[in-house]
Amino acid sequence: MEQSLQKLLITGFDPFGGQPINPSWEAVQGLPDRIGTFSLTKLQIPTIYGAAAQRVLQEADKLSPSAIICVGQAAGRKAVTPELVGINLRYADIADNSGMIYRDSSILSGAPNAYFSTLPVRAMVKAIQAKQIPAAVSYSAGAFVCNDVLYTLLHQFAGTETKVCFIHVPLLPEQALHGEPSLPLNTIRDALCTAIEAIQR
Ligand code: PCA
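Every number in the numbering used here is 24 more than the matching position in the sequence shown, counting from 1.
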């Protein structure tokens, strides 16, 4: 008999900061609909504080996924970097896609300072590295919209059966006009598939 499928909600962001594309969505939208025992639901979310996480929560409410992986662009990084922690902080020099700028605000006032990811990020990194793709555990998702989504989801799903993590990915070669590190789209997609394979139960 066929093994029953688990649901995975996977998201990528729209472009921000004047970029025409966002590698996170480019990679996520091209993933297969099924990877191992996971059936994937792919969702593009806006690079907007608060709204991005709400969009994921809305979809998760309909889907009841056992895992949620959000993917985002991290210019300057040369490796695929699963994030270990989300912090209760908003701080960035740039505006989000609705024009909002935050400098040292809480995401949720009175909530804990931080949460650890509930998916096995170290196992993901090992599996990606085994494919000769650069990968490393990251201990900071920053304090812009990616961290906002990670923290909000970890808070919302703390102690539940829905496990959450975030993966930052480098720029694509066509975005790296000033010599920033980059990885080809196929390589990023391969890394995401590998990370998903690594968390099968
Ligand atoms: N990266 C940003 C937000 C959207 C994205 O793809 C970040 O690292 O916060």
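We put the beta carbon where it would ideally sit given N, CA and C, even for glycine.
Which word fits residue i, buried or exposed, when buried means at least 16 other C-beta atoms lie within 10 angstroms of its C-beta?
i      : result
Arg127 : exposed
Gln156 : exposed
Ser164 : exposed
Ile223 : buried
Ile239 : As displayed, the chain neither begins before 25 nor continues past 225, which places residue 239 out of reach and without an answer.
Arg213 : buried
Pro194 : buried
Leu216 : buried
Asn171 : buried
Arg225 : exposed
Pro89  : buried
Say the cut is 7 Å; is the CB of residue i nearer than that to a heavy atom of the ligand PCA?
i      : result
His192 : yes
Cys189 : no
Ala154 : no
Asn112 : no
Cys94  : no
Val169 : yes
Phe37  : yes
Ser162 : no
Gly199 : First, the amino acid is wrong: residue 199 is Gln here, not Gly. Result no, Cβ not under 7 Å from the ligand PCA.
Phe40  : yes
Going by C-alpha distance, which of the options is nearest residue i?
i      : options                        : result
Leu143 : Ile220, Asn112, Gly134         : Ile220
Phe168 : Ile59, Gly96, Lys102           : Gly96
Gln43  : Ala98, Ser162, Val145          : Ala98
Thr105 : Arg146, Lys66, Pro89           : Arg146
Pro197 : Ala135, Phe190, Thr211         : Thr211
Gly183 : Met148, Ser141, Leu216, Leu209 : Ser141
Leu174 : Thr71, Gly134, Ile152, Pro208  : Thr71
Arg114 : Ala103, Ser129, Lys102         : Ser129
Could you tell me how far apart the beta carbons of residue i and residue j are, in whole angstroms, since I believe they sit closer than 8 Å?
i     : j     : result
Val52 : Thr35 : 7 Å
| request: Would you check if the region 199-208 and the region 166-185 touch, i.e. whether three or more CB-CB distances between them fall below 8 Å? | output: The region 166-185, when compared against the region 199-208, does not touch it at the 8 Å Cβ threshold.
field: At least three beta-carbon pairs within less than 8 Å, the region 110-125 to the region 37-46
entry: Contact holds: three or more Cβ-Cβ distances are below 8 Å.
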